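Numbering (full-length UniProt numbering), first residue to last: 1 to 373.
Ideal Cβ positions, reconstructed from N, Cα and C, are used throughout, including at glycine.
On a predicted model such as this, the values are computed, not experimentally measured, just so you know.
Structure, as structure tokens:
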Amino acid sequence: MSRISTSVSLPRLDATATAYVFRRSAVSPVVSSSLCSKRRKIFAMAAVEATGSMVSADSLVVKLPSHPTYDLKAVVALALAEDAGDRGDVTSLAILPSEMEVEAHFIAKEDGVIAGIALAEMIFDQVDPSLKVEWSVRDGNYINKGMQFGKVCGCAHNIVVAERVVLNFMQRMSGIATFTKVMADAAYPACILETRKTAPGLRLVDKWAVLIGGGKNHRMGLFDMVMIKDNHVSIAGGVANALKSVDSFLEKKNLKMPVEVETRTMEEVKEVLNYASQTRCSLTRIMLDNMVIPLPNGDVDVTMLKEAVEMIDGRFETEASGNVSLETVKKIGETGVTYISSGALTHSVKALDISLKIDTDLALHVARRTNRA
């Protein structure tokens with residue numbers, strides 16, 4: 001699968017021209033020594049009660065995908081707990097004065113689409129609600145190499161503790177959003193979709209990043225869409241038999257949900273259309289799998305895919321899958337297919353390089369006052 005180049009050309013965003021700043025916390029960034037020290041114990045807990053996502057409404061530009069059982073706060077708590085272990089940040093405990101207050105800046109080390117701002121606020125809030133976070137961009141905006149696009153002020157120890165977890169999420173999400181943006185633009189007028197090939201435990205986070213990058217979500221999991229794949233077809237004895245079983249199941253359970261069937265040949269497409277013409281069918285989308293044929297010169301032949309789309313003739317949504325890359329997606333999108341799905345959006349993502357740097361001059365000034373410099 002092709003990966004996006006770090007040198008991909010993106011529109012430049014002038015940081016000085018940004019007209020908005022988002023503030024997460026109304027609490028003063030200056031906290032007492034005792035409060036700062038108390039906050040240290042929060043992230044060392046092995047378990048944190050998880051109820052709801054607690055994502056700031058002010059920073060939630062792109063809505064979090066819906067999932068009946070996924071608990072984003074619990075995912076954040078686990079990420080913090082695996083870092084803290086049973087002792088917390090022993091290095092910071094040894095070096096940083098408990099009362100030290102600092103300002104740290106988010107800096108882009110390459111061009112890309114920023115994603116994960118809302119999640120970063122949630123992480124900072126879970127570590128220390130008194131931290132003050134400000135941004136000059138929103139999720140989905142372009143950032144350019146060298147651009148300072150946000151800052152966090154407050155207890156030095158707690159900022160350092162949150163730093164790696166925040167960056168891990170933001171770098172992954174921004175990498176996904178950046179690649180998705182390029183793929184979505186190339187695929188137009190078709191819509192680009194991710195798949196279930198996401199990092200274990202990060203399904204919602206990865207799919208959220210796709211939305212931020214301008215893509216659309218495929219099914220969240222096994223529960224929200226009937227997806228008849230090749231193994232189902234083989235066991236059922238053909239696509240028509242598989243569709244018949246699904247129709248019977250949905251009627252019996254009184255369920256209404258999208259139904260997609262995977263087809264691998266023109267004969268299977270014809271079989272699906274023939275079945276649908278003879279009965280009231282729950283089918284909503286036909287996947288056209290591996291109908292994009294790679295050529296020796298690196299190009300692709302989309303003749304079969306185009307013929308299948310024309311045969312379906314708008315009766316159902318269509319989805320192209322297989323041999324989708326940055327080099328081929330434009331040609332696939334020109335066939336008239338409704339959707340193009342690509343596992344590469346999430347399964348082989350290149351993280352966007354972002355750093356969080358403490359204002360050294362301010363930190364040294366505080367350290368000298370406490371005789372720790």
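Task: Range of the contiguous alpha helix (DSSP H) that encloses Tyr275 - done: As a working note, residue 275 is residue 275 in the sequence shown. It spans 266-278 - the alpha helix (DSSP H) in which Tyr275 sits, taken as one unbroken run.
TODO: Just the C-alpha distance for Leu356 and Arg280, rounded to the nearest angstrom, thanks.
DONE: Reading the sequence shown from its first residue, position 356 is the one you call residue 356. Reading the sequence shown from its first residue, position 280 is the one you call residue 280. Roughly 57 Å separates the two Cα atoms.
Task: DSSP-derived helix/strand/coil call for Phe149 - done: The residue you call residue 149 lines up with position 149 of the sequence shown. Of the three classes helix, strand and coil, the one that applies to Phe149 here is strand, per DSSP.
TODO: Count the CB pairs spanning the stretch 208-218 and the stretch 160-177 that are closer than 8 Å, and state whether there are at least three.
DONE: With a cut-off of 8 Å, the stretch 160-177 and the stretch 208-218 count as touching, because enough Cβ pairs lie within range.
Open item on the list: Taking 8 Å as the cut-off, does the stretch 197-214 touch the stretch 234-254 (at least 3 CB pairs, one atom from each stretch)?
Closed with: Short answer: they don't touch.
TODO: Under 6 Å Cβ to Cβ from Met45, same chain only, skipping five residues before and after it: list those, please.
DONE: As a working note, residue 45 is residue 45 in the sequence shown. The predicted position of Met45 is uncertain, since its pLDDT is 34 and thus under 50; a value taken from the coordinates is nonetheless stated next. So the list is empty, once near-sequence residues are dropped.
Open item on the list: Cutting at 6 Å between CB atoms, please list the residues of its own chain near Phe106, excluding the five before and the five after it.
Closed with: In the sequence shown, counting from the first residue as 1, residue 106 sits at position 106. In chain order, Phe149, Gly150, Leu356 place their CB closer than 6 Å to the CB of Phe106, counting only its own chain and leaving out the 5 sequence neighbours on each side.
TODO: Could you have a look at Lys252 and say whether DSSP puts it in helix, strand or coil?
DONE: Counting from one through the sequence shown, the residue named residue 252 turns up at place 252. In this structure, Lys252 counts as helix in the three-state DSSP scheme.
Task: Straight-line gap, Ile159 to Trp135 (C-alpha atoms, nearest Å) - done: Taking the first residue of the sequence shown as position 1, residue 159 is located at position 159. Taking the first residue of the sequence shown as position 1, residue 135 is located at position 135. Going from the Cα of Ile159 to the Cα of Trp135 covers about 16 Å.
Task: Min CB distance Phe223 to chain C below 7 Å - done: The chain labelled as chain C is not found in the depicted structure, where only one protein chain is given.
Open item on the list: Which residue marks the beginning of the alpha helix (DSSP H) containing Leu80, and which one marks its end?
Closed with: Mapped onto the sequence shown, residue 80 falls at position 80. Unbroken alpha helix (DSSP H) run through Leu80: 72-84.
Open item on the list: What would DSSP say about Val31, mapped onto helix, strand or coil?
Closed with: Within the sequence shown, the letter at position 31 stands for residue 31. Note that Val31 scores 35 on pLDDT, short of 50, meaning its location in the model is unreliable; the coordinates nonetheless yield the value given after this. Here Val31 sits in coil by DSSP.
Open item on the list: From the DSSP secondary-structure annotation, give me the bridge partner or partners of Met173.
Closed with: Taking the sequence shown and counting its residues from 1, the one referred to as residue 173 is at position 173. The partner list for Met173 (beta bridge, DSSP) is empty, contrary to what the question assumes.
Task: Selected residue, minimal CA-CA separation from residue 374, among Ala156, Asp139, Ile114 - done: Beyond the ends of the chain as shown, which are 1 and 373, falls residue 374; an answer cannot be given.
TODO: State the CB to CB distance for the pair Lys132 and Gly154, rounded to an integer number of angstroms; the pair is presumed to be in contact (CB under 8 Å).
DONE: To locate residue 132, count along the sequence shown from 1; it is residue 132. To locate residue 154, count along the sequence shown from 1; it is residue 154. Confirmed, about 6 Å.
Task: Inter-residue Cα distance where the pair is Ala209 and Thr328 - done: Taking the first residue of the sequence shown as position 1, residue 209 is located at position 209. Taking the first residue of the sequence shown as position 1, residue 328 is located at position 328. Roughly 22 Å between the two C-alpha positions.
Task: Residue(s) in a DSSP beta bridge with Val226 - done: Position 226 of the sequence shown, counted from the first residue, corresponds to residue 226. According to DSSP, which records beta bridges pairwise, Val226 is partnered with Val259.
Task: Three-state secondary structure assigned by DSSP to Arg23 - done: The residue you call residue 23 lines up with position 23 of the sequence shown. Annotation note: pLDDT 39 at Arg23 (below 50); position unreliable, coordinate value reported separately. In the structure shown, Arg23 sits in a strand (DSSP, three-state: E or B).
Task: Integer Cβ distance of residue 383 from Ile286, believed to fall under 8 Å - done: Nothing in the structure corresponds to residue 383, since the chain is present only between 1 and 373.
TODO: Could you say if the stretch 217-234 and the stretch 181-197 meet the contact criterion of at least three C-beta pairs nearer than 8 Å?
DONE: Judged by Cβ distances under 8 Å, the stretch 217-234 makes contact with the stretch 181-197, as three or more pairs qualify.
TODO: Give the DSSP-derived three-state secondary structure of Leu305 in the structure shown.
DONE: On the sequence shown, position 305 is the one that residue 305 refers to. Three-state DSSP puts Leu305 in a helix.
- [ ] Quick one: residues in its chain with C-beta nearer than 8 Å to the C-beta of Met266, no 5 flanking neighbours on either side, listed in chain order?
- [x] Counted from its first residue, the sequence shown places residue 266 at position 266. Cβ within range, chain order: Met304, Glu307, Ala308, Met311.
Open item on the list: Taking the beta carbon of Glu82 as the centre, do at least 16 other beta carbons fall within 10 Å, making it buried, or is it exposed?
Closed with: Numbered from 1 along the sequence shown, position 82 holds the residue referred to as residue 82. Exposed.
Open item on the list: Would Asp289 and Gly333 be called neighbours here (beta carbons separated by less than 7 Å)?
Closed with: For this step, residue 289 is matched to residue 289 along the sequence shown. For this step, residue 333 is matched to residue 333 along the sequence shown. In this structure, the beta-carbon distance from Asp289 to Gly333 does not fall below 7 Å.
TODO: Have a look at Asp359 and Tyr142 and give me their C-alpha separation to the nearest angstrom.
DONE: As a first step, residue 359 is located in the sequence shown; it is residue number 359 there, counting from the start. As a first step, residue 142 is located in the sequence shown; it is residue number 142 there, counting from the start. Taking the straight line from one Cα to the other gives about 24 Å.
Open item on the list: Between Ala242 and Val269, how many whole angstroms is the CB-CB distance? I'm expecting something under 8 Å.
Closed with: The sequence position of residue 242 within the sequence shown is 242, counting from 1. The sequence position of residue 269 within the sequence shown is 269, counting from 1. Approximately 14 Å separates the beta-carbon atoms of Ala242 and Val269; this is outside 8 Å, ruling out the contact.
Open item on the list: Tell me the DSSP secondary structure of Lys331 in three-state form.
Closed with: Here residue 331 refers to the residue found at position 331 of the sequence shown. Here Lys331 sits in helix by DSSP.
TODO: Indicate whether Val226 and Val246 have their beta-carbon atoms separated by less than 7 Å.
DONE: For this step, residue 226 is matched to residue 226 along the sequence shown. For this step, residue 246 is matched to residue 246 along the sequence shown. Yes, these two residues count as a Cβ contact at 7 Å.
- [ ] Compare the beta carbon distance of Ala108 and Val165 with 7 Å and say whether it is the shorter of the two.
- [x] Taking the sequence shown and counting its residues from 1, the one referred to as residue 108 is at position 108. Taking the sequence shown and counting its residues from 1, the one referred to as residue 165 is at position 165. Going by C-beta atoms, Ala108 is not nearer than 7 Å to Val165.
Task: Thr346 burial status per 10 Å Cβ neighbour count (16 or more: buried) - done: The residue labelled residue 346 in the question sits at position 346 within the sequence shown. Under this definition Thr346 is a buried residue.
Task: Own chain partners of Lys63 with C-beta closer than 8 Å, once the 5 adjacent residues on each side are dropped - done: Start at 1 with the first residue of the sequence shown, and residue 63 comes out as number 63. Excluding sequence neighbours, Lys63 sits near Leu211.
- [ ] Please classify Arg196: does DSSP put it in a helix, a strand, or coil?
- [x] The residue labelled residue 196 in the question sits at position 196 within the sequence shown. Arg196: coil per DSSP, three-state reduction.
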